[in-house]
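Residue numbers (the working numbering): 9 to 368.
Since the structure comes first, as structure tokens, the remarks are kept for the end.
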Amino acid sequence: MTNIKTVFVTGGAGYIGSHCVLSLLEAGYDVVAIDNFANSVGQEKAASLDRVCQITGKEVIFYKCDLLDIQQLDEIFNKHKFDCVIHFAAMKSVGESMKQPLIYYKNNIIGAMNLLEVMALHKCYQLVFSSSCTVYGNPAFLPITEDHPIGNVTNVYGRTKYFIEEILKDTVNSDQKWNIISLRYFNPVGAHSSGLIGEDPTTNFSNLMPYIAQVALGKKTSLSIYGEDYATSDGTGIRDYVHVMDLAEGHVAALKKIQSNKVDLKVYNLGSGQGTSVLEFVKTFEKVTGVKVPYTIEARREGDIESMYANCDLAKKDLGWTAKYNLEDMCRDFWKWQTMNPNGYKKSETTTKNGKTNSH
Ligand SMILES: NC(=O)c1ccc[n+]([C@@H]2O[C@H](COP(=O)([O-])OP(=O)(O)OC[C@H]3O[C@@H](n4cnc5c(N)ncnc54)[C@H](O)[C@@H]3O)[C@@H](O)[C@H]2O)c1
């Protein structure tokens with residue numbers, strides 16, 4: 009039994025990180041977060057985490073810090089006692105990772121190694137790691153279970169996750185004190201139901217939902233759908249979309265697991281367990297929001313996977329976690345965030361729950 013009170017969150021200003029911080033605060037944990045704002049908005053403070061504090065009425069201690077700066081990381085660990093770390097910070101664009109492999113390897117792998125080194129130095133051995141379904145590569149069978157082979161990855165970003173999982177294995181094997189859970193996310197979408205926090209990428213993105221929203225808001229003329237000749241019900245690719253708040257709760261469940269059991273290293277899929285095609289997604293979005301999303305069909309993209317969805321039985325059995333929200337919830341909540349914040353955190357004007365207007 010390890011009592012977990014204070015959690016250190018890397019990449020806390022980002023999309024999943026900020027939603028997870030909210031769930032951690034609501035579950036009663038104290039949170040210290042860092043981010044270097046490579047893909048989030050802030051200067052000394054994080055815009056997303058300001059909103060999280062507004063929603064929860066609780067405080068988050070935040071440092072602007074790059075994981076590549078091991079000295080600053082060590083100083084932060086000197087100032088606080090952390091019982092567990094949740095490691096979100098990473099660069100995550102598949103396309104960019106193919107063009108800038110060395111930057112991705114350096115940021116994601118050296119960043120993770122610095123973190124593990126500083127954790128060991130400060131005798132903090134509990135970790136929850138953000139992995140990804142990309143580690144599975146092209147599925148040999150569906151739905152994918154955690155024992156599906158990994159490593160046959162089709163892109164550099166996915167390889168950074170695979171290599172880090174291997175590093176975590178070696179780390180746990182070298183010292184029994186470590187207690188690590190690696191969560192393989194499928195396709196996180198949606199936003200917190202308040203509409204105050206959501207996905208606000210500051211670098212190039214190609215994820216489906218932000219792209220659809222750009223089209224729906226009239227900022228892009230049409231959505232490009234790559235491939236309509238896959239062996240799926242309507243010919244478009246199939247993915248497993250999971251609401252970001254379900255994902256956030258998955259981290260709280262992982263912390264509880266680490267708190268009550270010696271896990272060594274455990275891996276769990278976090279997805280909805282449902283496969284949804286791109287066209288089904290677009291139709292659901294149109295139905296929920298009442299907004300048309302014009303699209304064009306393009307040729308398949310090299311390296312794209314036809315169909316990918318999770319078996320999440322293990323997370324249900326071991327963590328007591330299962331996704332609660334459906335695709336309609338994901339579309340509704342995401343659209344609320346987009347319409348309340350058409351320009352993301354930067355230039356948005358929002359009405360807070362106290363009725364005050366905040367400018368960012
Ligand atoms: N969103 C997805 O589709 C998805 C799917 C599977 C796995 N993941 C993983 O989940 C994690 C969170 O993803 P997200 O969607 O919230 O991405 P995000 O880009 O919104 O958040 C990541 C945050 O980490 C920060 N960061 C990056 N490098 C850093 C560094 N060296 N030091 C400090 N901060 C740094 C970024 O500024 C950003 O705020 C990532 O590890 C990502 O690879 C995401």
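Here a beta-carbon is modelled for each residue, glycine too, at the ideal position from N, C-alpha and C.
Rounded to whole angstroms, the Cβ separation of D337 and G198 is 7 Å, and the two are in contact under 8 Å. The beta carbon of I24 lies closer than 8 Å to those of F96, S138, Y193, P196, V252, L255, A256 in the same chain, with the five residues before and after it left out. Around the beta carbon of S230, fewer than 16 other beta carbons sit within 10 angstroms, so the residue counts as exposed.
Counting every other CB atom within 10 Å of its CB across the protein chains shown gives Q184 a total below 16, marking it as exposed.
In this structure, the alpha-carbon of S26 lies about 31 Å from that of E314. D43 counts as buried, since at least 16 other C-beta atoms from the protein chains shown sit within 10 angstroms of its C-beta. Two segments are said to touch when three or more pairs of C-beta atoms, one from each, lie closer than 8 Å; by this definition the segment 338-356 does not touch the segment 301-310. Within 10 angstroms of the beta-carbon of D341 lie 16 or more other beta-carbons, which makes it buried. Judged by DSSP secondary structure, H251 falls within the beta strand (DSSP E) whose first and last residues are 249-251. The beta carbons of T14 and E34 sit no closer together than 8 Å. Between ligand 1 and I158, a heavy atom-to-CB distance of less than 7 Å is absent. In the three-state reduction of the DSSP assignment, T292 falls in the helix class, which pools H, G and I. Cβ contact annotation for Y71 (same chain, cutoff 7 Å, sequence separation greater than five): I42, I84, in chain order.
For S201, the three-state secondary structure derived from DSSP is coil. Runs of the alpha helix (DSSP H) spanning 4 or more residues and lying entirely within the segment 33-94 occur at 55-64, 78-87, in chain order.
Closest in C-alpha terms to K264, from the list G20, V93, T304, comes V93.
Taking 8 Å as the cut-off, the Cβ atoms of M106 and N163 count as close. Assignment of R192 by DSSP, reduced to helix, strand and coil, places it in the strand class.
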